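Protein chains in written order, with our numbering: chain A, 330 to 608; chain B, 523 to 785.
One structure below.
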Amino acid sequence: MSRLRKYKPFARASAIDVMAYRFNIITWAIVTVAEVACLIFLWLAVYQSSEGGIDSSINGFTYKEMIVYVVLTTIFGFVTFNDDTVWFINRDIRQGTIGNFLIKPISYRGKFIASNIGAFLMMSLVFGIPLYAAGLGVLIGIGYLPVASIWDFIAHFLLFLVASVLACLLNGAISYIFGILCFYTTAAWGLNALKTTVIAFLSGTLLPIAFFPNIFREIVSYMPFAGMSQNPILILMMKYDYLECGKVILISFGWWVLLELIGKLLFNHAIKIVTVQGG
Amino acid sequence: MRYVKLYLTCIKRSMMSRLEYKKDSIISILSFLISNACSLGSIFFILQAIPSLKGYTPAEVGFFYGFSMLPIALDHLFSDEFWLVAYRRVQLGDMDRHFLRPVPVIFQMFAETFQPDGFGEIIVGVTMITICGLNLQTSVSFGAIFVLIIGAIFGAIIITSFKIALSSLAFIFKKSGPLLQIVYNFTIYAKYPIAIYPQAIRFILIFILPFGLFISLPVDTLLYGSYNPYLLSLIIVGAAIAFFALATLIWTLCARRYESTGS
């Protein structure tokens, strides 16, 4: 326990930090509402154009479910992914501050995990609770998200929380790996953009993985990305039974351990070639 | 003529400073291409599940998507500096030197940066138009091509006008980046035919934020001959002139309010 305590200041600092950067929350809200509206119009047109009409189910999703999916994915992304890991690593290399971490008795990766969790908790408390409450309240209220029994919903919600934490950790681990690539190239901006794009596509944020063609879909659903957006949301929507929930959570956990290992190996290699510029 | 020479000199300098970060540029172009492949993939996967989108075949939707990139890319090439004006430069009081030079400030902004990233968008857009265009079932008329070219060029001028007008608000409010971001983000609506939107949104996309006017209507003209191409071209050019004139007027009025930070 005392070993963990030394990471607490990092979690606290990033929790405070994330609030400072969220001053442009109104901009985010307006841009996002406009984007979500655009997606809803697109999906409406898609379902109206489908063979069975608006009430048909495409790849296992009805129109209503798709709207729920789009709205929840948007809230989820905002609350869960708040990492500047790539930027921080890049800065530490550029400014030479990485040296500070190499001589201190804390793990470089541990620092980022603490920061990610701190930011995640703060975002969940300040924005997550009201946004999920409002979103779920409206979606359930207008009958877009049917709830069979309240206990079933609570159980799925708890599983969703577990999956969210894992999604946050997975995102952190992948960001860390991309960040370490900054040791080899100076292109932090491009790397970060690449990371964001790949995650958005393969995690089912752009559209559910069920829409991907056959083999591609099978592969992608076992990759770590599915656990970063689609699976938590489908748990929350109660599209998975408990067995499936357990399965996807286990897969995510396995991937997280594996990605941490890969990150560690990469770091051990990268640290040998680091040249601190004037540090 | 003097201005052309001045512009080229400035751009050469801007390009030279960009070449310092060659690897950065390559990775950012690569990530841009992958990002486009992902959004295209998404649209394609959606379209596979349905026979047509409100009557538009996948090739036609792809044509829309590709064409919508052209005016956006042209604007991107020439007017990237206005983002910095809106977000940072006025706030930092970094505009002083531009006001001291004997050349209009607005011209200096265009000359400050040339953003080669826009070429990536043009390449992707033209490729898509070509591939999807070959799969279209329509006979292409000269008028339709003409209105598409007018739409791309003058559409870019309209987008730039929005950037000029909104970024100049920073002279009054110190920072107008978020507002510019909000308005600019509506270009995502331009990627699809306006037929998929409700009446009210269509009205906005033609008369207020006219992305539909220079993207959707010209493409509809090509595909279905919906409008008279020459009349439509005239309207687009007229709109572009009006928007640009209004934007420079707003810029001039707002720029008078610029005050340095005194640092």
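Note that beta-carbon positions come from the ideal geometry of N, C-alpha and C, so glycine has one too.
Bear in mind that the values here come from a model prediction, so they are computed numbers and not experimental data.
- Item | Neighbouring residues, chain A, relative to residue 550 of chain B (Cβ below 8 Å) | Against chain A, a Cβ distance below 8 Å from residue 550 of chain B picks out 516, 518, 519, 522.
- Measuring alpha carbon to alpha carbon, tell me which of B/556, B/617, B/569, B/567 ends up nearest residue 642 of chain B. Proximity to residue 642 of chain B across B/556, B/617, B/569, B/567 peaks at B/556, based on C-alpha coordinates.
- Message: Against residue 399 of chain A, what residues of chain B qualify as contacts under a CB-to-CB distance less than 7 Å, listed in chain order?
- Response: What residue 399 of chain A touches in chain B: nothing, since even the nearest Cβ is about 12 Å away.
- Task: Return no unless some Cβ of chain B is closer than 9 Å to the Cβ of residue 332 of chain A.
- Result: Not an interface residue.
- Residue ranges of each alpha helix (DSSP H) within the region 734-779 of chain B, 4 or longer: Correct list: 739-746, 751-777.
- Reduced DSSP secondary structure (H/G/I, E/B, other) of residue 553 of chain B: If DSSP states are grouped into helix, strand and coil, residue 553 of chain B belongs with the helices.
- Look at the alpha carbon of residue 675 of chain B and the alpha carbon of residue 645 of chain B, and state the distance between them as a whole number of angstroms. So the alpha carbons of these two residues sit roughly 16 Å apart.
- Message: Please return the same chain residues whose Cβ sits closer than 6 Å to the Cβ of residue 718 of chain B, not counting the five positions on each side in sequence.
- Response: Here residue 718 of chain B has 576 as same chain residues with Cβ atoms under 6 Å from its own Cβ, once five neighbours each way along the sequence are excluded.
- Query: For residue 698 of chain B, which residues of its own chain have a beta-carbon under 7 Å away from its beta-carbon, when the five flanking residues on both sides are left out?
  - Reply: Correct list, in chain order: 608, 688, 689, 691, 692.
- Assuming residue 554 of chain A and residue 531 of chain A make a contact with CB atoms under 8 Å, what is their CB distance in whole Å? Rounded, the Cβ-Cβ distance is 4 Å, consistent with contact.
- Message: Any C-beta of chain B within less than 9 Å: which residues of the region 373-389 of chain A qualify?
- Response: For chain B, the residues of the region 373-389 of chain A that bring a beta carbon within less than 9 Å of one of its beta carbons are 373, 374, 375, 376, 377, 378, 379, 380, 387, 388, in chain order.
- In chain order, what residues of the region 352-368 of chain A put their CB closer than 7 Å to some CB of chain B? Within the region 352-368 of chain A, the qualifying residues are 353, 356, 359, 360, 363, 364, 367.
- Query: What first and last residue would you give for the alpha helix (DSSP H) that runs through residue 630 of chain B?
  - Reply: Where residue 630 of chain B is concerned, the enclosing alpha helix (DSSP H) stretches over 627-634.
- Query: Residues in its own chain within less than 7 Å of residue 565 of chain B by CB, not counting five upstream and five downstream?
  - Reply: Excluding sequence neighbours, residue 565 of chain B sits near 583, 587.
- Item | Any chain B beta carbon closer than 9 Å to residue 370 of chain A | With 9 Å as the cut-off, residue 370 of chain A counts as an interface residue toward chain B.
- Grab me the residues of residue 442 of chain A's own chain with a C-beta within less than 8 Å of its C-beta, minus the 5 sequence neighbours each way, in chain order. Apart from the 5 residues on each side of it in sequence, residue 442 of chain A sits with its Cβ closer than 8 Å to the Cβ of 336, 498, 501 in its chain, given in chain order.
- Task: Identify the continuous alpha helix (DSSP H) that holds residue 560 of chain A and give its terminal residues.
- Result: Membership of residue 560 of chain A in the alpha helix (DSSP H) is indicated by the continuous run 559-565.
- Message: Quick check: is any heavy atom of the ligand ZN less than 8 Å from the C-beta of residue 482 of chain A?
- Response: As for the ligand ZN, it is missing from this structure, which has no ligand bound.
- Query: When DSSP builds the beta bridges, which residues end up paired with residue 386 of chain A?
  - Reply: When beta bridges are read from the DSSP output, residue 386 of chain A appears opposite A/391.
- Query: I think residue 706 of chain B touches residue 733 of chain B, with their Cβ atoms under 8 Å apart; what is that distance to the nearest whole Å?
  - Reply: Contact check for residue 706 of chain B and residue 733 of chain B: beta-carbon distance about 10 Å, past the 8 Å limit, so the pair fails to qualify.
- Item | Where residue 608 of chain A falls: helix, strand or coil (DSSP) | At residue 608 of chain A, the pLDDT of 45 sits below 50, so the modelled position is not reliable; the number obtained from the coordinates is stated separately. Under the three-state reduction of DSSP output, residue 608 of chain A falls in the coil class, being neither helix nor strand.
- According to the Cβ coordinates, are residue 538 of chain A and residue 549 of chain A closer than 9 Å? If you check the CB distance, residue 538 of chain A and residue 549 of chain A come in under 9 Å.
- Message: Which residue wins for smallest C-alpha separation from residue 410 of chain A, given the options A/524, A/603, A/396?
- Response: Closest option to residue 410 of chain A, Cα to Cα, is A/524.
- Task: Using DSSP bridges, identify the partner residues of residue 578 of chain B.
- Result: Listed as beta-bridge partners of residue 578 of chain B by DSSP are B/575.
- Step through the CB atoms of chain B and report whether any lies within less than 9 Å of the CB of residue 338 of chain A. Not an interface residue.
- Message: According to DSSP, is residue 593 of chain B part of a helix, a strand, or is it coil?
- Response: If DSSP states are grouped into helix, strand and coil, residue 593 of chain B belongs with the helices.
- Item | Beta-carbon proximity of residue 686 of chain B to residue 601 of chain B, cut-off 9 Å | Less than 9 Å divides the Cβ of residue 686 of chain B from the Cβ of residue 601 of chain B.
- Item | residue 553 of chain B versus residue 391 of chain A - alpha carbon distance | A straight line joining the alpha-carbon of residue 553 of chain B with that of residue 391 of chain A spans about 33 Å.
- Task: Can you grab the Cα-Cα spacing for the pair residue 608 of chain A / residue 570 of chain A, in whole Å?
- Result: Residue confidence for residue 608 of chain A is low, a pLDDT of 45 falling below 50, so the modelled location carries little weight; the figure read from the coordinates is stated next. One C-alpha to the other measures close to 54 Å.
- Taking DSSP as the reference, what is the three-state secondary structure of residue 411 of chain A? Of the three classes helix, strand and coil, the one that applies to residue 411 of chain A here is coil, per DSSP.
- Query: Candidates A/485, A/481, A/491, A/438: which alpha carbon is nearest residue 582 of chain A's?
  - Reply: When only C-alpha atoms are compared, the closest one is A/491.
- Message: Going by beta-carbon coordinates alone, are residue 603 of chain A and residue 427 of chain A separated by less than 9 Å?
- Response: When the beta-carbon positions are compared, residue 603 of chain A and residue 427 of chain A come within less than 9 Å of each other.
- Item | DSSP-derived helix/strand/coil call for residue 550 of chain A | Correct three-state label for residue 550 of chain A: helix.
- Query: How would you write the range of the alpha helix (DSSP H) that residue 623 of chain B sits in, first residue to last?
  - Reply: From DSSP, residue 623 of chain B is part of no alpha helix (DSSP H); its letter is neither H nor E.
- residue 721 of chain B at chain A interface by Cβ criterion, 9 Å: No Cβ of chain A is located within less than 9 Å of the beta carbon of residue 721 of chain B.
- Item | residue 542 of chain B, DSSP secondary structure in three states | Three-state DSSP puts residue 542 of chain B in coil, outside helix and strand.
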